[in-house]
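To start, the structure itself, in structure tokens.
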Amino acid sequence: MAAAAAGAVVLAPLAPLYAQEGGAAPLDPVTIRVGANETFTRVEFAGVIGARSQVRRDGRDVIVRIGATAAPDISRLRVDPPRGVEKVETRAVRGGTELVLTLAEGADIRTGSADGAVFLNLYATAPEAPATPLTPAQVATVPVVSRTGPDKVSLDFKWEQPVAAAVFRRGDAVWVVFDTPARFNMDGARALGPATGAHWTAAPDHVAVRIAAPRALRVSAVATGSTWTVTIGGPAASAGGVTVDRDDSGEPVLVARMAGATKAIWLTDPLAGDRFAAVTARAPGKGFADSRQTIDMTLLPTAHGLAVETMVSDLAVRADGDLVTLSRPGGLTLSAPSATLEAAPAEAGAPQKGRYPGLIVEGWESTGHAGFSARYRELQDAAGVEAAAAGDDPRAPIEARMALARFLVASGLYYEAIGVMNAIVAQAPNMAGEPELRGLRGASRAAIGRLAEAQGDFASAAVAGDPASAVWRGYIASKQGDWETARQAFSAGAGAVDDFPPVWRARFGAAHAEAALESGDPEAARALLTYVFSQNAPPADQLQARIVQARLFEQDGMGDRALAVYRAVGRAPLDNLAVPARLGVIRLSMARGTMKADAAAKELEALRWRWRGEATELSVIRQLGKLYLSQGLYREALTALKGSGGRMQRLPGAADLQIDLSNAFRMLFLEGGADGLQPVQALGLFYDFRELTPIGADGDEMVRRLSRRLVDVDLLDQAAELLEHQVGSRLEGVAKAQVATDLATIYLMDRQPEKALQAIWSSRSTLLPTALNAERRALEARALMNLGRYDHALEVLGTDASNEAKAVKAEIFWKQENWGGAATLYEGALGDRFANPAALTQDEEARLIRAGVGYSLARDTASLTRLSRNYRPYIAGARSKVALSIALEGMGGTEGTASVSDFATLSATADTFAGWVNEMKAELRQKTGGNRPATPARS
163 MAAAAAGAVV LAPLAPLYAQ EGGAAPLDPV TIRVGANETF TRVEFAGVIG ARSQVRRDGR
223 DVIVRIGATA APDISRLRVD PPRGVEKVET RAVRGGTELV LTLAEGADIR TGSADGAVFL
283 NLYATAPEAP ATPLTPAQVA TVPVVSRTGP DKVSLDFKWE QPVAAAVFRR GDAVWVVFDT
343 PARFNMDGAR ALGPATGAHW TAAPDHVAVR IAAPRALRVS AVATGSTWTV TIGGPAASAG
403 GVTVDRDDSG EPVLVARMAG ATKAIWLTDP LAGDRFAAVT ARAPGKGFAD SRQTIDMTLL
463 PTAHGLAVET MVSDLAVRAD GDLVTLSRPG GLTLSAPSAT LEAAPAEAGA PQKGRYPGLI
523 VEGWESTGHA GFSARYRELQ DAAGVEAAAA GDDPRAPIEA RMALARFLVA SGLYYEAIGV
583 MNAIVAQAPN MAGEPELRGL RGASRAAIGR LAEAQGDFAS AAVAGDPASA VWRGYIASKQ
643 GDWETARQAF SAGAGAVDDF PPVWRARFGA AHAEAALESG DPEAARALLT YVFSQNAPPA
703 DQLQARIVQA RLFEQDGMGD RALAVYRAVG RAPLDNLAVP ARLGVIRLSM ARGTMKADAA
763 AKELEALRWR WRGEATELSV IRQLGKLYLS QGLYREALTA LKGSGGRMQR LPGAADLQID
823 LSNAFRMLFL EGGADGLQPV QALGLFYDFR ELTPIGADGD EMVRRLSRRL VDVDLLDQAA
883 ELLEHQVGSR LEGVAKAQVA TDLATIYLMD RQPEKALQAI WSSRSTLLPT ALNAERRALE
943 ARALMNLGRY DHALEVLGTD ASNEAKAVKA EIFWKQENWG GAATLYEGAL GDRFANPAAL
1003 TQDEEARLIR AGVGYSLARD TASLTRLSRN YRPYIAGARS KVALSIALEG MGGTEGTASV
1063 SDFATLSATA DTFAGWVNEM KAELRQKTGG NRPATPARS
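Okay, structure coming up:
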């Protein structure tokens, strides 16, 4: 086990837990070793491939990339993860494998390499980082000189270069913070006048000094060149230049405008023990003259820079140019932007603000005796006057415009309401953080189906705690098919539902009932439906609940009642309700056998275009895709499943649709579903949907299977094109060499030896299995032979005694007219075939003819006699009886009438190339599972 030191930490002996190899045996290309002590667990990756592993971290996931497509054996790691690791898994990536270790909460990791291995040190709890001492060689020494008076002291910090600073009082101490690391030489600052002591501390990115001084003493700071002078006591000095206000976006964020801000530095008070932040800024002097306190933090008065106290742990302080942003992940707790607006007289009878920001109040839509038009003009005129008077004033009132928006929302004029509220934000951007504006605009967007935009409004921190907004979030989630989220949100807003008008109470109840049914709670769904039907809502607004009721009937086995409800709702002139109802009719009718598949497909195709978006369209597409697959209409199925495009990728159900699409493609090209198609049809289908090819081994296997089918029907160019893409773009290492070998074979079948050599040479590797190396050598030699480079081909084969090598050598000897050598190899390839009385194959017959001709041309009578004795009985069943008879008789058997050239002509009838091609096709078929029965299909 390799040992390593991290800083000053001494590692205890590591007890081996388990290893993937034993003792001193030679290391595998990827060898994983594990050991542990009381402090941490160490995982090492050794071997020629393992030692080149790359480690990166993504949140709690530690990802080790191993340059081998074959996943290492991590069964023990997966079953018994090290301390501090929740789970271990592998995943295939392009050109390698990634080992993913998910750390537990609070766990940490250190990585490195030592003794020829990459190691991970896994800690169940994060170790304390060793402090890095600052040495004189690393930082400058800054002299500090004091000048005292009767009631004050001035400290000069004499830097060599200008630096940024923050100077402020905190309780009984004055803090001076600089954004550059240094050491202070305090020898010249022993006299501090009214101050009682000074202590400095340094860190890698700053240096600070705390000066104890009575609270009555004022503080000022000024920079002259590179020297900062801080004065404690004496006459008051004016401080200003830093302003703090809400962000213009309206989000609950504070922004300080401070020229030359450099960085935020977090400090710990040695006496109080709490943390606070100092924001440094460059000269000239500028400070925050006021004191501002919110629930989350306090801004202290400063002589220069900015100082922030906080009791929360997640306050973020970020300096960027002339702006300092103060925020929290969920937003700061601030008053609404409208709280700072100028007061405006309330319009008599105008709709007033509701109890909750996202609440639509019953009665807002009231028009009085004058009617809708007169009421609308009245509110519109008041809003226009207010907008004209507001101009660019961000503090101008917005009450008249919001009154108009309330009236429009309650009247169902949602587009117009959105326009009014967008105009308010355009004129005063800070109003984007106004809770009521966010709530009512989100409600209007949800009502017209702009669910993504509505989600943006309700995600604002301004309405985070609003129960009415929680109801809207539940409604949106239900429409998107995110049932669990919908139920949680409806539960959070339960107290506000009854404050909505009856029409919305009915809609919310129906959406909640559907979510309850889909999440497996039919009793809750029944109770919610009872609530919906008790509301005095128009019939059209209760139809959604009727669809949910039909689903309950269906679950309870009352198919006739369910079908009757579906048919009734399906006749409604509202597509958002009629489409899911018709989908229910189709589903039930097909289950009962009363609707044929082709009729169902035709109706589903029509439904796809009647209602777009939301979970309804996803349901139609999934049903249609499954129907087409069951009929073997694979192109139609893939087209339907792919039809949603990128429009609905944010919907929760989109993931299920993508799974259906991937599974269909996998079934076709990996599990044999497309084997019933003609190869050209399968190729066209693959090319039309090739972006669905999965990354990794499965995708590569799909391509190899399809290329094998093309080879079977001699579409060699198309087969080679498929494999060329794999070799050139997708694969590395052993996998690349394997596919390149198949590519070279196809090139040789197509009589393109140059391209075959290029495929072999471009995929060379030193870490290939022995059998694959032998196959590649034989192919390389065959390509060289076809180019006439016989000696080079024999040199490549060397002493290789494999069957593939012997076959190539026989071909080379034959072309070199080394008749005896070729004949011996041809006869050797037949082995004891003469012991099997079955008829010879075409390839065996060709080899036998060449063996006989070779022995005759070599004048090897003894060998020819032996060959003739063993194989003469096969002449009767041969395809080329005359040629085989002459070959076994030899030149002597033809009464001297046959010449050497005649025998060479005779051997041409024994085409060993055709036999080799058939043999290679059979090998490719076996590699890719092409010898199994085809699955019937239609394109």
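Take any residue in the sequence shown, count from 1 to its spot, add 162: that is its number in our numbering.
Idealized CB from N, CA, C, for every residue including glycine.
Note that the structure is a prediction, hence the values are computed from the model and not measured.
Exposure label - residue i; buried when at least 16 CB within 10 Å
i: residue 771; result: exposed
i: residue 641; result: buried
i: residue 244; result: buried
i: residue 505; result: Residue placement at residue 505 is flagged as unreliable, the pLDDT there being 48, under the threshold of 50; the coordinate-derived value follows with that caveat. Classification of residue 505: exposed, given that the 10 Å Cβ count is below 16.
i: residue 840; result: exposed
i: residue 298; result: Any reading at residue 298 needs caution, since the residue's pLDDT is 49, under 50, leaving its predicted position unreliable; the model's value is listed next. It is exposed - the Cβ of residue 298 has fewer than 16 other Cβ atoms within 10 Å.
i: residue 584; result: exposed
i: residue 1099; result: Any answer about residue 1099 is weak, because its pLDDT of 40 lies below 50 and its placement is not dependable; what the coordinates show is given next. With 16 or more other Cβ atoms within 10 Å, it is buried.
i: residue 477; result: buried
i: residue 997; result: exposed
i: residue 1057; result: Residue placement at residue 1057 cannot be trusted, given a pLDDT of 46 that sits under 50; the coordinates are not used to answer.
i: residue 475; result: exposed
i: residue 697; result: buried
i: residue 965; result: exposed
i: residue 929; result: exposed
i: residue 534; result: exposed
i: residue 1028; result: exposed
i: residue 241; result: exposed
i: residue 218; result: exposed
i: residue 971; result: buried
i: residue 635; result: buried
Beta-carbon gap between residue i and residue j smaller than 9 Å
i: residue 630; j: residue 658; result: yes
i: residue 967; j: residue 939; result: yes
i: residue 402; j: residue 449; result: yes
i: residue 907; j: residue 918; result: yes
i: residue 208; j: residue 231; result: no
i: residue 289; j: residue 384; result: no
i: residue 280; j: residue 273; result: yes
i: residue 560; j: residue 578; result: no
i: residue 470; j: residue 438; result: yes
i: residue 132; j: residue 838; result: Summary: the structure shown does not reach residue 132, with the chain confined to residues 163 through 1101, and so no result is reported for it.
i: residue 712; j: residue 690; result: no
i: residue 725; j: residue 755; result: no
Rounded distance between the beta-carbons of residue j and residue i, thought under 8 Å
i: residue 440; j: residue 467; result: 6 Å
i: residue 204; j: residue 197; result: 5 Å
i: residue 744; j: residue 785; result: So it is not a contact: roughly 11 Å between Cβ atoms.
i: residue 885; j: residue 865; result: 7 Å
i: residue 142; j: residue 921; result: The requested residue 142 does not occur in the structure, where the chain is confined to residues 163 to 1101.
i: residue 672; j: residue 710; result: 6 Å
i: residue 481; j: residue 426; result: 5 Å
i: residue 380; j: residue 399; result: 7 Å
i: residue 572; j: residue 633; result: Not confirmed; about 16 Å, so no contact.
i: residue 118; j: residue 565; result: Residue 118 lies beyond the residue range present for the chain, which begins at 163 and ends at 1101; the question has no answer from this structure.
i: residue 790; j: residue 763; result: 7 Å
i: residue 335; j: residue 374; result: 5 Å
Residue i at chain C interface by Cβ criterion, 9 Å
i: residue 284; result: Absent from the structure is chain C; it holds one protein chain and no more.
Near the ligand PLP: residue i beta-carbon under 8 Å from a heavy atom
i: residue 720; result: Although the ligand PLP was asked about, the structure shown includes no ligands whatsoever.
Exercise. In the stretch 843-922, which residue ranges form an unbroken alpha helix (DSSP H) of at least 4 residues, counting only runs that do not cross its ends?
Worked result: 859-874, 878-887 and 895-911
Exercise. For the stretch 477-496 against the stretch 535-547, are there 3 or more C-beta pairs whose distance is under 8 Å?
Worked result: no
Problem set entry | the stretch 548-559 in contact with the stretch 510-519 per 3-pair CB rule at 8 Å | With a cut-off of 8 Å, the stretch 510-519 and the stretch 548-559 do not count as touching, because too few Cβ pairs lie within range.
Exercise. Which parts of the stretch 722-789 are runs of the alpha helix (DSSP H), unbroken and 4 residues or longer, counting only runs that do not cross its ends?
Worked result: 737-754 and 759-772
Exercise. Is it a yes or a no for the stretch 218-236 touching the stretch 308-317, going by three-plus beta-carbon pairs under 8 Å?
Worked result: no
Problem set entry | the stretch 443-463 touching the stretch 344-360, judged by at least three CB pairs closer than 8 Å | no
Exercise. What are the complete beta strand (DSSP E) segments, minimum 3 residues, inside the stretch 388-473?
Worked result: 389-395, 405-408, 416-419, 423-430, 437-443, 459-462, 464-466 and 468-472
Exercise. So, do the stretch 641-655 and the stretch 674-681 have three or more beta carbon pairs nearer to each other than 8 Å?
Worked result: yes
For this session: Say whether the stretch 1040-1053 touches the stretch 1011-1027, bearing in mind that this needs 3 or more beta-carbon pairs closer than 8 Å, one atom from each stretch.
Result: yes
Exercise. In chain order, which beta strand (DSSP E) runs of at least 3 residues are fully inside the stretch 318-375?
Worked result: 327-332, 335-340, 344-350, 359-365 and 368-374
For this session: Check whether the stretch 594-606 touches the stretch 618-627, counting contact only when three or more Cβ pairs, one atom from each stretch, lie closer than 8 Å.
Result: yes
Exercise. If you scan the stretch 191-272 from start to end, which runs of the beta strand (DSSP E) of 3 or more residues do you find wholly inside it?
Worked result: 193-198, 203-208, 216-220, 223-228, 247-255 and 258-265
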